[in-house]
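Trainee: Residue numbers (my numbering): 233 to 740. For glycine and all other residues, C-beta sits at the position ideal for the given N, C-alpha and C. First the structure, which I've put down as structure tokens, then a few questions once you've had a look.
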RNA sequence: GGAGCGUUCGUCUAACGGUUAGGACCUCAGGUUUUCAUCCUGGUAAUACGGGUUCGAUUCCCGUACGCUCUACCA
């Protein structure tokens with residue numbers, strides 16, 4: 233039982249990656265890295281009708297942004313290529329045939345209309361959605377109910393058909409889930425799932441088993457929504473003769489919408505005003521746009537952190553974890569069984585914490601694009617880093633730096649004169665005019681020098697510093713926010729400060 | 001309808017039979033900051049319900065309720 237740890241994330245390329253998907257990746261990744269194993273990205277594109285161009289590239293970009301780069305993938309290749317199921321199509325057929333030959337599967341010729349008819353015929357109040365199972369399969373058109381001659385004739389005539397698993401009657405299938413412990417299903421409750429579709433493509437059920445086997449997957453982690461079909465997969469591993477190679481399973485809890493109940497969906501984000509995708513995603517078919525955590529101004533470290541503790545903790549009070557911490561401390565056994573409601577307020581708190589603790593140069597590189605977009609010119613990189621250092625504790629999301637730090641680079645474009653005007657009078661106006669002169673004469677960029685000048689002048693004018701600080705702040709930064717006024721004046725330079733005060737004076 | 005899974009403060013969670021049921025977010029009240037934010041101190045707030053087992057149950061068992069997932073030639 234000392235086989236190499238190999239795990240996979242196997243999305244279908246149908247759209248953007250949302251919180252739940254990224255967390256599944258994260259837990260896979262953490263488990264693999266903790267055990268020195270491999271993390272594989274496999275694209276499950278067996279449903280051509282749902283294929284969305286660009287989705288695969290998007291998924292890969294997202295993983296890279298999060299720092300969850302796969303060891304093997306369609307792009308990176310690897311010893312078990314190809315990693316797209318559509319390119320592995322030819323492999324699945326032989327296993328389907330193997331199952332038919334062994335009596336574990338059969339060929340079914342029923343058309344969608346015939347199945348629909350069956351469902352209508354067998355529908356009762358007690359059983360509103362009849363399944364294609366052992367109770368009805370004898371009444372359908374398949375290799376179990378038809379004679380060999382009929383089947384051969386149908387096959388010779390190229391009649392469209394699928395391959396279905398023949399679920400045994402009343403058999404308990406039990407397995408150990410790493411999160412849930414022992415889980416048990418009775419085969420009578422599960423239907424004869426289609427294994428191979430009429431177009432020759434495998435369904436998820438066949439493909440996941442075959443590929444996990446061929447790719448030597450040691451642990452299979454997926455969302456809780458897969459639990460009910462687990463017995464099908466278990467049986468397939470057994471029927472194919474691979475029982476000894478079967479991976480260990482863990483079904484991850486769902487991430488729920490913040491209000492009400494149910495799985496978090498992309499619609500919830502727009503409805504409640506927060507991102508659910510990792511990065512911006514525009515559906516090329518519908519042009520529907522969903523915003524991402526990245527573009528909202530989240531640090532990837534914060535995003536990974538908040539996802540990790542949504543359903544997992546290390547048993548201590550620690551909440552802030554770096555990727556290195558997570559790799560060291562993660563364990564699947566400590567993952568919760570129940571779903572967790574997503575809370576955007578807490579998510580923002582994680583980001584604020586990460587911004588406060590981040591390296592200034594690193595933050596500068598992340599902030600730069602927002603400044604570019606806002607038209608804020610940065611001449612001196614080290615100046616930017618310095619400014620970020622003194623403003624980062626007031627920022628929750630990266631775009632907050634535009635308002636919290638932008639005034640260090642250019643005079644504010646809008647000045648909140650409305651907050652000054654009510655108490656404005658000539659005495660104050662005279663004071664600020666005198667202050668400009670005094671500042672100019674001092675030619676000092678030392679905040680204590682400037683503060684002393686300011687205080688001496690207020691005394692000379694018979695005014696109180698308290699009623700002049702706020703107006704000065706607003707003149708310098710545009711509003712009621714920011715670090716200490718004299719620190720700001722000293723940082724932007726006394727000449728700039730004077731220019732801003734003079735400009736503001738013309739507006740009052 | 002059926003099957004499976006789940007259920008501790010509003011939210012995320014800790015407590016692997018014995019705690020005044022702990023922490024964090026949110027919120028509220030103070031303090032620091034002559035702005036705002038940060039920061040600091042403190043408060044409110046939970047074991048779904050009913051039975052067992054046990055000297056003792058948040059914890060183990062059963063039932064009930066509620067919720068979720070699945071019940072496709074989608075994953």
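So, are the CB atoms of residue 745 and residue 265 less than 8 Å apart?
Mentor: Absent from the structure is residue 745, since the part of the chain shown begins at 233 and ends at 740.
Trainee: Please state the DSSP three-state secondary structure of residue 480.
Mentor: As a first step, residue 480 is located in the first chain; it is residue number 248 there, counting from the start. The answer is strand: DSSP assigns residue 480 an E or B state.
Trainee: Between the stretch 330-343 and the stretch 365-385, are three or more C-beta pairs nearer than 8 Å?
Mentor: Cβ pair count under 8 Å is three or more, so yes.
Trainee: So for residue 643, helix, strand or coil by DSSP?
Mentor: The residue you call residue 643 lines up with position 411 of the first chain. Correct three-state label for residue 643: coil.
Trainee: My parser needs the alpha helix (DSSP H) runs of 4 or more residues fully inside the stretch 491-537; what are they?
Mentor: As far as the stretch 491-537 is concerned, its whole alpha helix (DSSP H) runs of at least 4 residues are 498-504, 525-528.
Trainee: With contact counted as at least three CB pairs below 8 Å, one residue from each stretch, are the stretch 574-587 and the stretch 617-629 in contact?
Mentor: Enough Cβ pairs lie closer than 8 Å, so yes.
Trainee: Measure the beta-carbon distance from residue 397 to residue 427 and round it to whole angstroms, keeping in mind my assumption that it falls under 8 Å.
Mentor: In the first chain, counting from the first residue as 1, residue 397 sits at position 165. In the first chain, counting from the first residue as 1, residue 427 sits at position 195. At roughly 6 Å, the Cβ-Cβ gap stays under 8 Å, so residue 397 and residue 427 are in contact.
Trainee: How would you write the range of the alpha helix (DSSP H) that residue 648 sits in, first residue to last?
Mentor: Counting from 1 along the first chain, the entry for residue 648 is found at position 416. Per DSSP, residue 648 belongs to no alpha helix (DSSP H) and is neither H nor E.
Trainee: If we require 3 or more residues per run, which beta strand (DSSP E) segments fall completely within the stretch 248-331?
Mentor: Qualifying beta strand (DSSP E) stretches, in chain order: 270-273.
Trainee: Inspect the beta-carbon positions of residue 483 and residue 566 and report whether they are closer than 8 Å.
Mentor: On the first chain, position 251 is the one that residue 483 refers to. On the first chain, position 334 is the one that residue 566 refers to. Cβ atoms of residue 483 and residue 566: not closer than 8 Å.
Trainee: Measuring CB atoms only, is the stretch 319-328 touching the stretch 453-460, in the sense that at least three cross pairs come out at less than 8 Å?
Mentor: Result no; under three Cβ-Cβ pairs closer than 8 Å.
Trainee: Enumerate in chain order the residues of its own chain whose CB-to-CB distance from residue 632 is below 8 Å, with the five nearest sequence positions on each side excluded.
Mentor: Numbered from 1 along the first chain, position 400 holds the residue referred to as residue 632. So the list reads 529, 626, once near-sequence residues are dropped.
Trainee: Identify which residue in 556, 598, 261, 551 has its Cα closest to the Cα of residue 578.
Mentor: The residue you call residue 578 lines up with position 346 of the first chain. Among 556, 598, 261, 551, the Cα nearest to that of residue 578 is on 551.
Trainee: Could you check if residue 523 is buried or exposed, using at least 16 other CB atoms within 10 Å of its CB as the buried criterion?
Mentor: Residue 523 sits at position 291 when you count from the first residue of the first chain. Buried.
Trainee: Do residue 485 and residue 571 have their C-beta atoms closer together than 8 Å?
Mentor: Within the first chain, the letter at position 253 stands for residue 485. Within the first chain, the letter at position 339 stands for residue 571. Against a cut-off of 8 Å, the Cβ pair of residue 571 and residue 485 comes out as a contact.
Trainee: Which two residues bound the contiguous alpha helix (DSSP H) that contains residue 236?
Mentor: The residue you call residue 236 lines up with position 4 of the first chain. Looking at the DSSP string, residue 236 is not in any alpha helix (DSSP H), and its letter there is neither H nor E.
Trainee: How would you write the range of the beta strand (DSSP E) that residue 418 sits in, first residue to last?
Mentor: Translated into the one-based positions of the first chain, residue 418 becomes position 186. Per DSSP, residue 418 belongs to the beta strand (DSSP E) from 413-418.
Trainee: Please work out which residues of its chain come closer than 7 Å, Cβ to Cβ, to residue 233, disregarding the five sequence neighbours upstream and downstream, and give them in chain order.
Mentor: Residue mapping note: residue 233 aligns to position 1 of the first chain, counting from 1. Confidence at residue 233 is low in this model, with a pLDDT of 49, below 50, so its placement is unreliable and the value that follows should be read with caution. Cβ neighbours of residue 233 beyond the five flanking positions: none.
Trainee: How is the alpha helix (DSSP H) around residue 383 delimited, first residue to last?
Mentor: Start at 1 with the first residue of the first chain, and residue 383 comes out as number 151. Counting along the chain, the alpha helix (DSSP H) containing residue 383 begins and ends at 380-388.
Trainee: Note the first and the last residue of the continuous alpha helix (DSSP H) segment covering residue 669.
Mentor: One-based indexing of the first chain puts residue 669 at position 437. 658-674 is the span of the alpha helix (DSSP H), which, as asked, contains residue 669.
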